[in-house]
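One structure is given below, encoded as structure tokens.
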Amino acid sequence: MAAINPRDKQRQRALDAALQDRLSARFERALRVEIAKTMREVADAYEKRGELAIPLAVQEHSAGIQRTLEADYRLVASHFGKRLLDEAKSYSGPDVIKASLSERLGFAVGAFISRVIASKVTQINRTTESQIRSIIRGGLDEGLGVDKIGKRIRETADT
Numbered sequence: 001m002a003a004i005n006p007r008d009k010q011r012q013r014a015l016d017a018a019l020q021d022r023l024s025a026r027f028e029r030a031l032r033v034e035i036a037k038t039m040r041e042v043a044d045a046y047e048k049r050g051e052l053a054i055p056l057a058v059q060e061h062s063a064g065i066q067r068t069l070e071a072d073y074r075l076v077a078s079h080f081g082k083r084l085l086d087e088a089k090s091y092s093g094p095d096v097i098k099a100s101l102s103e104r105l106g107f108a109v110g111a112f113i114s115r116v117i118a119s120k121v122t123q124i125n126r127t128t129e130s131q132i133r134s135i136i137r138g139g140l141d142e143g144l145g146v147d148k149i150g151k152r153i154r155e156t157a158d159t
């Protein structure tokens, strides 16, 4: 196979960077929506049951955050993995090996997601809970009541 000329490499890097920017923006929007939903529901729980309700309310949204992360990771893997698989198929070699590449990529992506997502969900939950507790402390320091603190949490979620 002939070497890829530098201009093609540069063009491919530019295409990859543009795709990465679009996927990152999509990922960030989806995660913001899920975190905002979490914060609004935590605000409701805080108003009804107090500060002790926060950890459980945050934890209840772990599945939504996990689904969001998993969908985004799979989307990125499919975009970039498809090109790698297409390039691999252009090389000569047994078709059995080429067919197994797609399967192997699927397993590798699944293994990566299994390893990484639980940690990411925990990090996101901790950060979200920390932000909420910071809003509560600030509100209490200002002498605000539970309803106004809940409103502040919701306002933060909407920004």
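Each residue of the sequence shown is one higher than the last, beginning at 1 in this note's numbering. Positions of the beta carbon are idealized from the N, C-alpha and C atoms, including for glycine. Owing to the predicted nature of the structure, the values given are computational and were not obtained by experimental measurement.
Problem - Nearest-angstrom Cα separation, counted from S24 out to L144 - result: For L144 and S24, the distance between alpha carbons rounds to 37 Å.
Practice task
Just list the beta strand (DSSP E) runs in the region 8-92, keeping only unbroken ones of 3 residues or longer that don't cross its boundaries, in chain order.
Solution key: Those beta strand (DSSP E) runs which fall completely within the region 8-92 and span 3+ residues do not exist here.
Exercise for the section: From the DSSP output, in three-state form, read off G145 for me. Expected result: DSSP places G145 in the coil class of the three-state scheme, outside both helix and strand.
Exercise for the section: Put T128 into one of helix, strand or coil per three-state DSSP. Expected result: helix
Exercise for the section: Check whether the Cβ atoms of G139 and R152 sit closer than 8 Å, and answer yes or no. Expected result: Cβ distance < 8 Å, so G139 and R152 count as in contact.
Handout entry: Euclidean distance between Cα positions of V121 and S102
Key = 28 Å
Exercise for the section: Please go through the same chain and pick out, in chain order, the residues whose beta-carbon is closer than 7 Å to the beta-carbon of V42, but skip the five residues on each side of it. Expected result: Cβ within range, chain order: I54, A57, V58, I132 and I153.
Problem - Length of the line joining the Cα atoms of D158 and D21 - result: The alpha-carbon atoms of D158 and D21 are separated by roughly 23 Å.
Practice task
Buried or exposed for A111, please, with buried defined as at least 16 other CB atoms from any protein chain shown within 10 angstroms of its CB.
Solution key: exposed
Problem - Helix, strand or coil at T159 [DSSP, three-state] - result: coil
Practice task
Count the other CB atoms, across all protein chains shown, that sit within 10 Å of the CB of T128; report buried if there are 16 or more and exposed otherwise.
Solution key: By the neighbour-count criterion, in which 16 or more other beta carbons inside 10 Å mark a residue as buried, T128 falls on the buried side.
Problem - L69 classed as buried or exposed, judged by whether at least 16 other C-beta atoms fall within 10 angstroms - result: buried
Exercise for the section: Report yes if the C-beta distance between A60 and I136 is below 8 Å; otherwise report no. Expected result: Contrary to the premise, residue 60 reads as Glu rather than Ala in this sequence. Going by C-beta atoms, E60 is not nearer than 8 Å to I136.
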